[in-house]
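Worksheet for the structure shown next.
Protein chains: 2
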Amino acid sequence: MNSFTEENYLKAIYKLAANGQEEVSTNALAEKLGTKPASVTDMLKKLSVKKLINYKRYQGVSLTASGKKIAIQIIRKHRLWELFLVKKLDFGWDEVHEIAEQLEHIESDELINKLEKFLDYPRYDPHGDPIPDNKGRFPAERSSLLSEAKGELFIMTGVVDHGPAFLQYLDKLGLGLGDEIKVKERNPYDESLKISINKKQSAFISHQVAQNILVSIE
Amino acid sequence: MNSFTEENYLKAIYKLAANGQEEVSTNALAEKLGTKPASVTDMLKKLSVKKLINYKRYQGVSLTASGKKIAIQIIRKHRLWELFLVKKLDFGWDEVHEIAEQLEHIESDELINKLEKFLDYPRYDPHGDPIPDNKGRFPAERSSLLSEAKGELFIMTGVVDHGPAFLQYLDKLGLGLGDEIKVKERNPYDESLKISINKKQSAFISHQVAQNILVSIE
DNA sequence: ATTAAATTTTAGACAAATCTAAAAATATAT
DNA sequence: ATATATTTTTAGATTTGTCTAAAATTTAAT
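So the sequence lines, in the order shown, correspond to chains S and L.
The number in our numbering is simply the position in the first sequence, starting from 1, with 17 added.
The number in our numbering is simply the position in the second sequence, starting from 1, with 17 added.
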């Protein structure tokens, strides 16, 4: 039994630890959660008592095994719900984040396992993010940044930026998960790319955009 | 923007007012919500300031038009989610209440309208309760208690008792929504009934059970 | 190696929702 | 109609998660 707030802290710690350093700072957490460092300190004490995090004052924080388990479970729920919203309810991939932020806190293991079955045991969510199974295991990574990938023929497998502005821009380009991307020109000056999508339309994309697109490594 | 707690108070007031008197008492609310009368009084003051209820101290409480609208919207969400759980995720009708109690507070009109469409605009939930449309209108009532219905051939349309024990008992009898019930004997002494279900198996049911079964009035 | 800057924690306060115990108002009973 | 019982409200306290302002600690800079 953990509150929504506690769950959000665990998720935030997990995500900050995932991309980068082991120890997460109070300020980084406050930033991520839209709260103040003083509030974070209070909550860290609470989570520490519950043995969900390793915390020594002034020394940053990391998840314990049980804290990590909870964080991954929340991510699992978030991603399954996002896929449900897109696949079954016909939401756009740019519209589902906020709703999934609420749904991820619904408490019922049976619910999430049945939802997973209903969705046919998917491995990736609508943004290409991997969905952990009910033991907390992630499917193998399978992608690299389009901006860094060697070669010229790829399948788009995910996005880094999950914001609506970026996703809507991709929609406008006609570019989505599963599409074939062929790199036709690389412009060394600004690292922009000319690509063709599914052997059909071509498009110019900036380095910034290419840095936010994940493609299969084959 | 109302808290889960506020929504639960509005729902409880709506339900208590529905079966019975107009004005709902503080004690009745405390009973229904599993809380203390003193807490109820505090919340009533708050809801009154928000103009969601009509409240004069010591005089009981009733919903305003906007309070009623919110209460019906929550009931709509609860029933649509229950149907989703039973129809799509394969839960039993005795298992869905608690989960729907959580899901009913997810805030997104678009979500609930898309869910309604996905379920093909259903009019009744897994217990036969009517589902209000997005304007808050209920489908017409269509049922009476089996214990009181005149005639001998009926279609089961709903239940009064929603508890798992009762629902599981009906499951054991092989009796569910849509089934045909033919009353073969009425025992005047204890008002128990001998019925046949779908022209097949017959069963004896007590007056107490018959009082909790709703059937079509034709 | 001190000082300055940044980060983090503590102290004290607040709003939401609850509680217990006591007081006030209403309803009931003889 | 007055006393008794019931219901409801008030008063004051508690818990959760937040805040601001000030103090403590760590990091960075000269």
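Each residue gets a CB set at the ideal place from its N, CA and C atoms; glycine is no exception.
Q) Identify the residues that DSSP records as bridge partners of S/V232: which are they? A) Sequence index remark: in the first sequence, residue 232 of chain S carries index 215 (1-based). Answer by DSSP bridge pairing, in chain order: S/S161 and S/M173.
Q | N- and C-terminal bounds of the alpha helix (DSSP H) containing L/S65 | A | By 1-based counting over the second sequence, the position of residue 65 of chain L is 48. Residues P54 to V66.
Q: Taking a Cβ distance cut-off of 8 Å, strictly less, list which residues of the stretch 96-110 of chain S are near chain L, in chain order.
A: L102, K105, L106, D107 and F108
Q | Reduced DSSP category for S/A45 - H, G, I as helix; E, B as strand; rest coil | A | Counting from 1 along the first sequence, the entry for residue 45 of chain S is found at position 28. The answer is helix: DSSP assigns S/A45 an H, G or I state.
Q) Exposed or buried, what is L/L170 when buried is set at 16 or more other beta-carbons lying within 10 Å of its beta-carbon? A) For the purposes of this step, residue 170 of chain L is taken as the residue at position 153 of the second sequence. Counting Cβ neighbours within 10 Å, L/L170 comes out exposed, since fewer than 16 surround it.
Q) When you compare only the Cα positions, how much space is there between S/I70 and S/A82? A) The sequence position of residue 70 of chain S within the first sequence is 53, counting from 1. The sequence position of residue 82 of chain S within the first sequence is 65, counting from 1. Cα to Cα, S/I70 sits roughly 8 Å from S/A82.
**Q.** First and last residue of the uninterrupted alpha helix (DSSP H) at S/S83
**A.** Along the first sequence, one-based indexing puts residue 83 of chain S at 66. It spans A82 to K104 - the alpha helix (DSSP H) in which S/S83 sits, taken as one unbroken run.
Q. L/I30 CB to nearest chain S CB: under 7 Å?
A. For the purposes of this step, residue 30 of chain L is taken as residue 13 along the second sequence, with counting starting at 1. Contact with chain S is absent for L/I30, since none of that chain's Cβ atoms lies less than 7 Å from the residue's Cβ.
(Q) What residue range does the beta strand (DSSP E) around S/A34 cover? (A) In the first sequence, the residue the question calls residue 34 of chain S occupies position 17. Taken as a continuous stretch (DSSP letters only), S/A34 belongs to no beta strand (DSSP E), being part of the alpha helix (DSSP H) at F21 to A35.
Q: Check the Cβ of S/S125 against every Cβ in chain L and list those closer than 7 Å, keeping chain order.
A: The residue given as residue 125 of chain S occupies position 108 in the first sequence. Correct list: I116.
Q) Between which two residues does the beta strand (DSSP E) carrying S/K199 extend? A) Counting from one through the first sequence, the residue named residue 199 of chain S turns up at place 182. Per DSSP, the continuous beta strand (DSSP E) segment holding S/K199 begins and ends at E197 to N204.
(Q) Tell me which residues of the stretch 189-219 of chain L have at least one Cβ-Cβ distance to chain S shorter than 9 Å, keeping chain order. (A) none
**Q.** Whole-angstrom distance between L/E124 and S/L136, CA atom to CA atom
**A.** Residue 136 of chain S sits at position 119 when you count from the first residue of the first sequence. Residue 124 of chain L sits at position 107 when you count from the first residue of the second sequence. Their backbone Cα atoms lie some 23 Å apart in a straight line.
Q) Mind pulling the chain L residues with CB within less than 7 Å of S/Q119? A) Numbered from its first residue, the first sequence carries residue 119 of chain S at position 102. Listed along chain L, the residues sitting closer than 7 Å to S/Q119 by beta-carbon distance are I123 and E124.
**Q.** DSSP three-state assignment for S/F221, whether helix, strand or coil
**A.** Mapped onto the first sequence, residue 221 of chain S falls at position 204. Three-state result, S/F221: strand.
Q) Is the shortest distance between the beta-carbon of S/L135 and the beta-carbons of chain L less than 7 Å? A) Taking the first sequence and counting its residues from 1, one reaches residue 135 of chain S at position 118. Contrary to the premise, residue 135 of chain S reads as Phe rather than Leu in this sequence. S/F135 counts as touching chain L.
Q: Measure the alpha-carbon distance for L/S20 versus L/Y26 and round it to whole angstroms.
A: For the purposes of this step, residue 20 of chain L is taken as residue 3 along the second sequence, with counting starting at 1. For the purposes of this step, residue 26 of chain L is taken as residue 9 along the second sequence, with counting starting at 1. Their Cα atoms are separated by approximately 10 Å.
**Q.** Identified DSSP bridge partners for L/K211
**A.** Start at 1 with the first residue of the second sequence, and residue 211 of chain L comes out as number 194. Paired residues: L/E202 and L/F221.
**Q.** Contact belief for S/E133 with S/H95 at Cβ below 8 Å, rounded distance in angstroms
**A.** In the first sequence, the residue the question calls residue 133 of chain S occupies position 116. In the first sequence, the residue the question calls residue 95 of chain S occupies position 78. Going by Cβ atoms, the distance from S/E133 to S/H95 rounds to 13 Å, so no, they are not a contact pair.
Q) Residues of chain L with CB under 8 Å from S/L33, in chain order? A) Taking the first sequence and counting its residues from 1, the one referred to as residue 33 of chain S is at position 16. By Cβ distance, chain L contributes nothing, its closest Cβ being about 26 Å from S/L33, past 8 Å.
Q: Spell out whether any CB of chain L is found under 7 Å from the CB atom of S/L187.
A: Here residue 187 of chain S refers to the residue found at position 170 of the first sequence. Not an interface residue.
(Q) For S/L190 and S/M173, which I take to be in contact (beta-carbon distance under 8 Å), what is that distance rounded to the nearest angstrom? (A) Stepping through the first sequence from its first residue, residue 190 of chain S is reached at position 173. Stepping through the first sequence from its first residue, residue 173 of chain S is reached at position 156. S/L190 to S/M173, Cβ: 11 Å. No contact.
Q. Shorter than 7 Å from the beta carbon of S/K94 to some beta carbon of chain L?
A. The count along the first sequence starts at 1 and reaches residue 94 of chain S at position 77. Output row for S/K94: interface = no.
Q: Could you say which of L/S233, L/D59, L/G109 and L/I214 lies nearest to L/A157 if we only look at CA atoms?
A: Translated into positions along the second sequence, residue 157 of chain L becomes position 140. L/A157 has its Cα closest to that of L/S233, out of L/S233, L/D59, L/G109 and L/I214.
Q) How should S/V113 be labelled, buried or exposed, when 16 other C-beta atoms within 10 angstroms of its C-beta is the threshold for buried? A) In the first sequence, residue 113 of chain S corresponds to position 96, counting from 1. Around the C-beta of S/V113, 16 or more other C-beta atoms lie within 10 Å, and the residue is accordingly described as buried.
(Q) Please report the distance separating the alpha-carbon of S/G109 from that of S/V103. (A) Numbered from its first residue, the first sequence carries residue 109 of chain S at position 92. Numbered from its first residue, the first sequence carries residue 103 of chain S at position 86. So the two alpha carbons sit approximately 6 Å from each other.
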